[in-house]
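What follows is a set of notes on a single structure, which appears directly below.
Numbering (the numbering used here), first residue to last: 64 to 257.
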């Protein structure tokens, strides 16, 4: 029964009827709840219909049942990537690649993920310059009198030991490994720019 459902689900998947494929695979799983292959296939179907959290859950279950199943790592990595969890995606693809080193999809995906992480990392390390402000400091003796202070270009203020709001981020470089560093910058960017 479960094999028949799996076959019909595969046909639905091939015909881009991902909703039906998920329904059929869910039914097949109810007959064979410890079949890693069914969970990996449902992960692919969920990924195809853009249900990324469900794809991660199904791929995780497939890997839990059979850690050597390299095909479950690919939808897991894709789903993490689409969720913006690039480090998790990279880790999933690296594990899959270690199990199937000849599968070029893993190396291509790892490269794409590295490029995306570097892009985000570069945006955080090289934020757009902030224009120096001009302020008027009141002087005793009248309303209209005053002198202009802090009319200094940004390049000069950075050389005058002005504390940057990014200073604490630069200190992280020396304390954290590269992966932790990238993740820390991603979180810091969320808090600084949102």
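Yeah, the Cβ is synthetic: ideal placement off N, Cα and C, and Gly gets one too.
Taking the alpha-carbon positions, what's the residue i to residue j distance?
i: residue 78; j: residue 71; result: 11 Å
i: residue 114; j: residue 80; result: 14 Å
i: residue 40; j: residue 90; result: Nothing can be reported for residue 40, as the shown portion of the chain is limited to 64 through 257.
i: residue 165; j: residue 159; result: 10 Å
i: residue 128; j: residue 178; result: 32 Å
i: residue 163; j: residue 133; result: 6 Å
i: residue 118; j: residue 101; result: 12 Å
i: residue 262; j: residue 94; result: Look at the range of the chain in this structure, 64 to 257, and you will see that residue 262 is not part of it.
i: residue 151; j: residue 140; result: 7 Å
i: residue 170; j: residue 176; result: 10 Å
i: residue 110; j: residue 83; result: 14 Å
i: residue 149; j: residue 142; result: 10 Å
In the structure shown, what three-state DSSP assignment does residue i receive?
i: residue 147; result: coil
i: residue 167; result: helix
i: residue 138; result: helix
i: residue 131; result: coil
i: residue 114; result: coil
Report all residues from its chain with a CB closer than 6 Å to the CB of residue i; omit the five preceding and five following residues, and keep chain order.
i: residue 69; result: 91
i: residue 126; result: 135
i: residue 112; result: 81
i: residue 64; result: 94
i: residue 146; result: 115
i: residue 106; result: 118, 121, 122 and 138
i: residue 130; result: none
Which residues in the same chain have their Cβ closer than 8 Å to the Cβ of residue i, if we skip the five residues on either side of it in sequence?
i: residue 87; result: 68, 69, 71, 72 and 75
i: residue 173; result: 153, 156, 157 and 160
i: residue 103; result: 121, 122, 125, 132, 134, 135 and 138
i: residue 98; result: 65, 91, 92 and 128
i: residue 108; result: 72, 76, 81, 84, 85 and 88
For residue i, I'd like the list of residues in its chain whose CB is within less than 7 Å of its CB, leaving aside the five on either flank, ordered along the chain.
i: residue 144; result: 152 and 176
(request) Pick out the complete alpha helix (DSSP H) segments inside the region 71–101, 4 residues or longer, and give them in chain order. (result) 81–94
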